[in-house]
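Chemist: Chains as they are written, first to last, in the working numbering: chain A, 1 to 175; chain B, 176 to 871; chain C, 872 to 991. Cβ coordinates follow ideal geometry from the N, Cα and C atoms, glycine included.
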Amino acid sequence: MTDEAVTINPEQGETAKSQENQLQFLSFSLGREEYGVDILRVQEIRSWEPVSRIPNVPSYEKGVVNLRGAIVPIIDLRERFQLGHSQYTALTVVVVLQVRIEERTRIMGVVVDSVSDVINIDRKNIQTAPDFGAKVSTQFITGLAAVGGRMVMLLDVDKLLSLDGVSDEYDSSNK
Amino acid sequence: MAIDMAQFHQVFFEESFEGLDAMESGLLNMDIGDVDAEDINTIFRAAHSIKGGSGTFGFTAVSDFTHVMETLLDEMRDGRRKVTQPAVDVLLGSVDCLRDMLQSIRDGGQVDQSVVSAHKLALDSELRNSANGANGSSALEPLPSVSPITPADDGAELEICGWSIAFSPHLNLLKTGNEPVRMLRELAGLGELTTTVDLQGVPSLYDLDPEECHLSWKLHVAGNISAAEIDEIFDWVEDDCDLAKQPIYKTEMPLQALQSEGTLSANDVNTSAAPVNKPTEENVAGAEIQPQDAKAPKKEEAKAAGKGSSSIRVDTGKIDTLINMVGELVITQSMLSLLGEHFEMNKLDQLKNGLSQLERHTRELQESVMNIRMLPISFVFSRFPRLAHDISTKLGKKIELKLVGENTEVDKTVVELLSDPLVHLVRNSLDHGIEMPEVRIAAGKPETGTVTLEAYHRGGNIVIEVSDDGKGLDKDKLRAKAIEKGLIDADAVLSEKQTYELIFMPGFSTAEKLTDISGRGVGMDVVRRNIQALGGDIEILSELGKGSTISIHLPLTLAILDGQSIAVGDETYILPLGSIIESLHVKEERINRVVGKGETFLLRGQYLPIIRIHEIFNVPGAKTTKLTEGLIVVVEGQGVRCGLFVDDLLGQQQVVIKSLEANYRRVEGISGATILGDGSVALILDIPGLVRLSSQ
Amino acid sequence: MATILAVDDSASMRQMVAFTLKGAGFSVVEAVDGVDALNKAKAQVFDCVVTDVNMPNKDGIELIRELRALPNYKFTPMLMLTTEAGADKKQQGKDAGATGWIVKPFNPDQLLKTIKKVMG
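1. Starting from the N-terminal side, write out each stretch of the beta strand (DSSP E) that is 3 residues or longer and does not extend beyond the stretch 800-844 of chain B.
2. Assuming T953(C) and K960(C) form a contact by the criterion Cβ under 8 angstroms, report the distance between their Cβ atoms to the nearest whole angstrom.
3. Does A563(B) come out as helix, strand or coil in the three-state DSSP assignment?
4. Taking C-beta to C-beta, are F776(B) and V794(B) nearer than 7 angstroms?
5. Using a Cβ-Cβ distance cut-off of 7 angstroms, determine whether I859(B) contacts chain A.
6. Identify whether M180(B) lies in helix, strand or coil by the three-state DSSP scheme.
7. Please classify R78(A): does DSSP put it in a helix, a strand, or coil?
8. What first and last residue would you give for the alpha helix (DSSP H) that runs through S238(B)?
9. Please state whether DSSP places T985(C) in a helix, a strand or coil.
10. Using a Cβ-Cβ cutoff of less than 7 angstroms, which residues in the same chain neighbour K420(B) once the five nearest sequence positions on both sides are dropped?
11. Cutting at 8 angstroms between CB atoms, please list the residues of its own chain near N216(B), excluding the five before and the five after it.
12. Spatial neighbours of K652(B) within its chain, please: C-beta separation below 6 angstroms, excluding the five flanking residues on both sides.
13. Specify the secondary structure class of T588(B) as computed by DSSP and reduced to three states.
14. On the DSSP bridge list, what partners appear for F219(B)?
15. Tell me which residue opens and which closes the beta strand (DSSP E) that K420(B) is part of.
16. Mind listing which residues of the stretch 342-360 of chain B have their C-beta closer than 7 angstroms to chain C's C-betas, in chain order?
17. What does DSSP give as the partner residues of F342(B) in its beta bridges?
18. With 16 as the cutoff for other CB atoms within 10 Å, does F518(B) come out buried or exposed?
19. In this structure, how does DSSP classify E190(B) when only helix, strand and coil are distinguished?
20. How is the beta strand (DSSP E) around N546(B) delimited, first residue to last?
21. For S604(B), count neighbouring Cβ atoms within 10 angstroms of its own Cβ and tell me buried if that reaches 16, exposed if not.
22. Whole angstroms is fine: what's the gap from S167(A)'s alpha carbon to T922(C)'s?
23. What residues from the stretch 180-204 of chain B come within 9 angstroms of chain C, judged by C-beta to C-beta, listed N to C?
24. Helix, strand or coil: how does DSSP classify T690(B) here?
25. Quick one: is K975(C) near chain B, going by C-beta distance under 7 angstroms?
26. Is the CB-CB distance between V555(B) and L600(B) below 7 angstroms?
27. Which residue or residues does DSSP assign as beta-bridge partners of D923(C)?
28. Assign N242(A) to one of three DSSP states: helix, strand, or coil.
29. Tell me, please, which residues DSSP counts as bridged to R104(A).
30. Determine, for F792(B), whether the minimum Cβ-Cβ distance to residues of chain A falls below 7 angstroms.
31. Out of curiosity, what's the CA-to-CA distance linking K350(B) and L383(B)?
32. Would you mind reading off the limits of the beta strand (DSSP E) that contains V626(B)?
33. Using a Cβ-Cβ distance under 7 angstroms, would G796(B) count as near chain A?
34. Of the choices L578(B), L550(B), G580(B), L570(B), whose alpha-carbon is the least far from that of T588(B)?
35. For A882(C), would you say it is in contact with chain B, using Cβ-to-Cβ distances shorter than 7 angstroms as the test?
36. For G844(B), which residues in chain A fall below 8 angstroms Cβ to Cβ?
Structure representation (structure tokens):
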């Protein structure tokens, strides 16, 4: 027992060291593109279910669902990134994310085409995002990484989901 | 043993604030001429508890301060001091000061020392006011938190190497629960103990009363032990025994020892006497400082910081009811699961019964749980007697404050949020509503004005009314003012109600000049906004020369709503049942279309605007867009009436209100969301919001 | 296990006393005033009573007097929690039959030390 502990410890130290530079992302696809979000922000993955529409909001804010008693908004990322519409099927996936906006954690769901994988990326292999000039506004993208020959765009969850007016509306209504 | 005293702080603060409230109301209700001893006792006890607690939990500033109050109250209680109005006022000021001190300690803020010492001076000078009281100077001794110097302790050169003690308990010593054996054991803990027991006093067995103590001891304890340590052991029994103790010194100088003991105690007397005299003069000089003036500015800040974890006191009866219900629920549940295990169709009736029982229990449980959050409105009302007292004194008005329905229960959140708007309204009544005594007499009214604060339940709402028999609102003045301020057009046609409601408009203030009582930069518009934020409504009625009444309507609880489900296209929305007046099919000839101003319909002589839900919410799949084919639901919210055009009415049900903003954001026209029986989300409509949306 | 009756109308003091005593291995029953305490003391025998003096309904001194008159409490240690200022209270307490007193403010260690003086 004690012997084992002695031999294991240094190894653990090393793993911990290498883990410092290893980040884990959940990757998913939108059309032909592949994106990644920090796995620590992912609360759960669900299949698509009908939402209750919210009137007079941008079309990518699909509506709200009941997630174990909490009212959670569902955002369509394809539409958010202007990648065209998609048909929702039983295979459509909702990734439920924890978003921090102004010191408060909110739970939001994003609709993606499919979830691909959990990927490990070394910190030093992340490149800064060049200006695409098009489709996805680079303000949401923290970096790019090549994984097995594919390019994965890493998303900044907090920026992505600080929907217009979400934070200030909440504050003013609470005063 | 390390105990984290901080765990008791929250309770200490809570009970201290309660104690302060009790002191305040006790002081306010005190009839100076005819004081009830029990009233003073109650006030004294509150001060005493705060002092004890604050000392124990390490808030010495508070315990020092309370000590002086306690002394004053103690003398009043004993009848050594007469109760006078100035003394009561000083005590009231001290209650405020103490409340501020406790609040800043709780919130980690700074206590304004100058304010505290001003109050303390006022108290001290009241204490010293020996013309009407006993010799108060004794109270001015500093709290003896530091133990006084024990003379014999100081035997620097004369090292004590032991004590010989003669200890003869009186017969009754055992009857106080004291036990010589334990004392001997403690002595043995100080140093090596030799005991010689004297059995001479023990009577014959025949005469022996086993409950009496007949033994006495000659004791010798070795070691460098101070007299105080010995005294401490016998402290409790000094009257119940004969005790003689003699120190044994290493070098034999017993005489000198005695002498030095003598001088030291004389010194001791001097040192403790000094602080008694010194502050006296300062205090008398400083007694003119008016504490009331000094404290005003700090108060708001302290309050703003006062947000901590919150707790609630629940009547044990309520808890018992809950426990009983849970018990029944468990029984029903086990009955149902038993039924489910071997279910056959012939047991269908049993199943149905069980389910309806389950439904009933769940509903009852829900009601009782909600009931836990209910507090009597007296939590808010209780601060107003003080407010009325202070303001009427300040303005020289004669005002009687009547509180009606103090036991009406409301949700805790409502209680907390209602407080500030109500203070504003009551201040307004006291300051602007009630006239000066001479004006009242000239108008043929009683000299004393009356402000009534009343709470009662009506339907699912609580109504709170602030009414006064003062001068009332002058419609013409209101109108002129609104025109002058550019709030309405000079030719605007306003109903009586609309005229009164002008005072709720931002930038409107009826007082000719702002006073420091009501004019604190918060207008009635803010009051109305706060009430509306609670899902409530505020109305005003007034008659010139007779007085005004302001009524606040609030939902009983903020978490549950009686809802009416409505269908629009493929979607379901919830309307608060309380806002619905009626629903009807409208005939074509009653519909009136005004170009650019939308549609209206005629209902009993009144044209009401029509809001098409499917249109303002862009609902797909509406059953019909023809007004005559759908349903018009007449609703009212915040004084606005309109007809909502919907497809159909569905069922009525109680819904639990969920915030949309928790994870999402505010949406105009929607006040919240709820979860329906099938697990889907339905949005709750906000009528004023809908009106705003439709007018855009 | 020795059982102690802790009487105080102030919840925070009562909790502190009870918590401290329980931590030291005593079993503790709390009472909110003299009346409550007397009822509890009649229903169950305690090995020691620790009571505040100033309380509504029935104060600590009256409580001690009435308890001392009960056969079960003839020799039971009874301590009062008192303030230094109340020297005459001490005397009143003694006359009523109090065993001793603990001077407020006190900390848990002082409380335990005093309790151990009369227990065990």
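Modeler: So, to answer that:
1. 806-812, 815-821, 823-831
2. 5 angstroms
3. helix
4. no
5. no
6. helix
7. helix
8. 235-253
9. helix
10. W338, I340, I405
11. R252
12. none
13. helix
14. DSSP, once it has assigned bridges, lists no residue as partnering F219(B).
15. 416-424
16. L349, K350, T351, G352, N353, R357
17. W392(B), L418(B)
18. exposed
19. helix
20. No beta strand (DSSP E) contains N546(B), which is instead part of the alpha helix (DSSP H) from 523-547.
21. buried
22. Any reading at S167(A) must be qualified, since the residue scores a pLDDT of 45, below 50, and its modelled position is unreliable; no value is offered.
23. M180, Q182, F183, H184, Q185, V186, F187, F188, E189, E190, S191, G194
24. Note that T690(B) has pLDDT 47, beneath the 50 cutoff, so the model's placement of it is unreliable and no number is given.
25. yes
26. no
27. L952(C)
28. Since the first residue of chain A shown is 1 and the last is 175, residue 242(A) is not available in this structure.
29. I101(A)
30. yes
31. 16 angstroms
32. 624-633
33. no
34. L550(B)
35. yes
36. P55, N56
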